[in-house]
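A short worksheet on the structure shown next.
There are 2 protein chains.
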Amino acid sequence: MNWTLDQLEAFVTSVKQGSFSAGARKLGKAQSRVSSAIANLEADLGFELFDRSARLPVLTVLGEEMLVEAQAVLSQCQRLQARAIIGSNGEELALTLAVDEAVPILSLESFFCDVSLRFPLLKLTIINGSQDDIARWIEDKTADLGVLFHLKPLSEHLELAIIGQFNHALVVSVNHPLTNTPIPTYAQLNQYRQLVIRNRLGGAPEKAISVQHWYVDSYYHITGLVSRGIGWALVPEHIANDQWNHGKLVELSTEHIPDSLVVEMGIVKRLDQGKGPIMSWMYDAIKDIFKGS
Amino acid sequence: MNWTLDQLEAFVTSVKQGSFSAGARKLGKAQSRVSSAIANLEADLGFELFDRSARLPVLTVLGEEMLVEAQAVLSQCQRLQARAIIGSNGEELALTLAVDEAVPILSLESFFCDVSLRFPLLKLTIINGSQDDIARWIEDKTADLGVLFHLKPLSEHLELAIIGQFNHALVVSVNHPLTNTPIPTYAQLNQYRQLVIRNRLGGAPEKAISVQHWYVDSYYHITGLVSRGIGWALVPEHIANDQWNHGKLVELSTEHIPDSLVVEMGIVKRLDQGKGPIMSWMYDAIKDIFKGS
DNA sequence: GTTATCCATCCGTTTTTCGGATATATAAAA
DNA sequence: TTTTATATATCCGAAAAACGGATGGATAAC
């Protein structure tokens, strides 16, 4: 492999321009350079790229194939160069976004579309997990930016920006006995099984109201179990209203529940990691998404 | 874009080997070359690829990304080089195989597997068409090799090798009146509609037996129509026995049909195009597939 | 026949590449 | 602590190449 990128460029440009001379003009080089560049390339490859019997050189069969390969090489090079420029301008080349699985992922779809259009060369990685996962991933640099529900204090290395609030809804199955008491008291709730969210890693579980409760590590599993009549639960409103559960769940009044039923959604990042331009943009864009919430 | 492939190679190799010196040894070059190659590369890109504060250089965040890009460029280059060697050895880089749509394509599947394993860098194109299409495509160099049923004389520019014979079966729907006459005479057949194959391009159609006949350009359409009781037809046995038609068709005796009911399958190529090693191999491999037919 | 292009080749100058030598820093071994 | 081995960066002279201009021969258009 003795050929150079210059030779490939001379080759491709000459094909595109129709002649070596035109190629040389396009490249701003002497014709003799293009001529010998291609001659050397042919010598290296071991066969002729052009049939020179006509007035203008025409690609040989092998030349056609090599043209495709050469273009592929050059376009890879251009990609490298483009990303190098982005990097040297201080823009991020790769970002990992960690999203709490309780965050309605659909609401982020148009955000992801925006990202793909605005930063076409960015390598975006999206990972989902529980609140604990998100915090841990940001802290150990597995992820750069996290979107999560704020339930308990976070590590001191993390910076949290609250971007919206969600109410909890009290839900039961349409067949559940509690549907007879639309405004259940604490005592009434206590008679039935409660399904409580619990972070996967076994951190301190949420406080349960009913003495009879199960822990489940996903709101989506919880609503699934609730819809089958296993018990009642407090889940974020957007999950209660999810299309999957439409018609299967009944929402009851939370008038007699003393606990705070509001959770905050926030964006986290490491304190010691500066925000590059893309991360800044994402920060604002995600805030905008949930502004009305 | 001022960097060279040598610089990328020095970069990638040094990362893989763990140090510039080790990289230089691996590449058989002086250490100073690798050192300055990487320094020049960094100068061109506009940022540092390595953090040199430790004893051994470690990749920066941007360096990690550039490593991926550089590897992509080099692997494209290796592909180009590999195909160039193949080409300079006289092996084909790309072949187009045209297959008559009446040929049971499933019987070629293991052949295609073989090809992909044996010639991993070959660009194979497979196109399907009627017999006329195949012949035309070979002649106008759209395809290099064709597999077809031999029904009528081919152009003098083509070379045909017969590789097998197939009998025609006389088929009707299970509900068709002809099922009452298992050995139908010419006159009996003449009373019912015949479905006759006809090449798409409107060449001379096959001779029809029944005065009442439709022309259809695909054996698969014909068997479909036959199975719905539209008429009777002569189709290659493997098509009559196709799983799609299983149980819907009845085969009748062809004892009273005077016409030749044997079609030959063949491989065609242009007379003036030499067979490269891959084409020769394909030629033999395809022959082997249908040897028992 | 004239003109305009095209390609290959030659040639002298300029630039770059290349490997060795050297200076310096760091980690492990003595 | 000193020694040793191994790093990287830089300098330098020789060798190699890249480079543009000039030239010649061939071809198509005018």
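Order-wise, the sequence lines are chains A and B. Take 83 as the starting number for the first sequence in the working numbering and just add one per residue. Take 83 as the starting number for the second sequence in the working numbering and just add one per residue. Note that the Cβ used here is the ideal one computed from N, Cα and C, for glycine as well. Because the structure is a prediction, the values reported are computed rather than measured.
If you ignore the 5 residues before and after Arg161 (chain A), its C-beta comes within less than 6 angstroms of no other C-beta in its own chain. When C-alpha distances from Gln213 (chain B) are compared across B:Ser189, B:Glu183 and B:Phe201, the shortest belongs to B:Glu183.
Flagged as an interface residue toward chain A: Leu127 (chain B), by a C-beta distance shorter than 8 angstroms. Between the segment 163-170 of chain B and the segment 207-225 of chain B, the count of Cβ pairs shorter than 8 angstroms is below three; the stretches do not touch.
Using a CB distance below 8 angstroms, no part of the segment 305-337 of chain A faces chain B. Leu87 (chain B) has a beta carbon lying within less than 8 angstroms of a beta carbon in chain A. Scanning chain B for C-beta atoms nearer than 8 angstroms to the C-beta of Val155 (chain A) yields Val155, Gln158, Cys159 and Leu162, reported in chain order. Residues of chain A whose Cβ lies closer than 9 angstroms to the Cβ of Ala152 (chain B) are, in chain order, Leu162. Arg165, Ala166, Gly169, Ser170, Leu175 and Ala176: these are the residues of the segment 165-184 of chain B whose beta carbon lies less than 7 angstroms from some beta carbon of chain A, given in chain order. Of all alpha-carbon atoms in A:Phe102, A:Val298 and A:Pro266, the one lying nearest the alpha-carbon of Asp133 (chain A) is that of A:Phe102. Contact annotation for Glu147 (chain B) against chain A: Arg165, Gly169, Leu175, Ala176 and Lys205 [CB-CB distance below 8 angstroms, chain order]. Judged by their CB atoms, Leu177 (chain A) and Leu206 (chain A) are nearer to each other than the 8 angstroms cut-off. What Leu109 (chain A) touches in chain B, judged by beta-carbon distance under 7 angstroms, is nothing: the nearest beta carbon there is about 13 angstroms away. Checking the DSSP bridge columns, you'll see Trp314 (chain A) partnered with A:Gln276.
Shortest Cα-Cα distance from Asp226 (chain B) to any of B:Lys289, B:Ser362 and B:Ile265 involves B:Ser362. About 31 angstroms separates the beta carbon of Val308 (chain B) from that of Ile220 (chain B), a gap too long to meet the 8 angstroms contact definition. Within the DSSP secondary-structure output, His232 (chain A) pairs in a beta bridge with A:Glu346.
Val97 (chain B) carries a helical assignment under DSSP once its states are collapsed to helix, strand and coil. Beta-bridge pairing by DSSP links Val253 (chain A) to A:Ala315 and A:Glu333. Taking C-alpha positions only, Glu191 (chain A) is separated from Ile279 (chain B) by approximately 52 angstroms.
Close CB contacts of Cys159 (chain B) within its chain, under the 8 angstroms cut and outside five residues either way in sequence, are with Leu87 (chain order). Residue pairing by DSSP leaves Lys223 (chain B) without any beta bridge partner. For a cut-off of 8 angstroms, the C-beta gap from Pro318 (chain A) to His250 (chain A) is around 6 angstroms, short enough to register as a contact. Here the alpha carbon of His239 (chain B) sits roughly 38 angstroms from the alpha carbon of Ala104 (chain A).
Under the rule that a run must span 4 or more residues, the alpha helix (DSSP H) segments found entirely inside the segment 149-231 of chain A read 191-200 and 213-221. DSSP places Phe132 (chain A) within a strand segment (E or B) once states are collapsed to three.
Below 8 angstroms, enough C-beta pairs join the segment 91-98 of chain B and the segment 109-124 of chain B to call them touching: three or more.
Taking the Cα positions, Asn327 (chain B) is about 8 angstroms away from Ile321 (chain B). Cβ-Cβ distances below 8 angstroms link Leu156 (chain B) to Leu87, Leu90, Glu91 and Val94 in the same chain, with the five nearest sequence neighbours on each side left out; the list follows chain order. Under DSSP, Leu141 (chain B) takes part in a beta bridge, and its partners are B:Phe132. The beta carbon of Pro264 (chain B) sits closer than 7 angstroms to those of Leu334 and Ser335, all from its chain and outside the five residues before and after it, given in chain order. Sequence-distant Cβ neighbours of Gly100 (chain A) in its own chain, meaning closer than 8 angstroms and more than five residues away, are Leu138.
The C-beta distance from Gly311 (chain B) to Asn257 (chain B) rounds to 5 angstroms, short enough to fall under 8 angstroms. Sequence-distant Cβ neighbours of Trp296 (chain A) in its own chain, meaning closer than 6 angstroms and more than five residues away, are Leu277. Taking Phe201 (chain B) as the centre and dropping the five residues before and after it, the same chain places the C-beta of Ile360 closer than 7 angstroms to its C-beta, in chain order.
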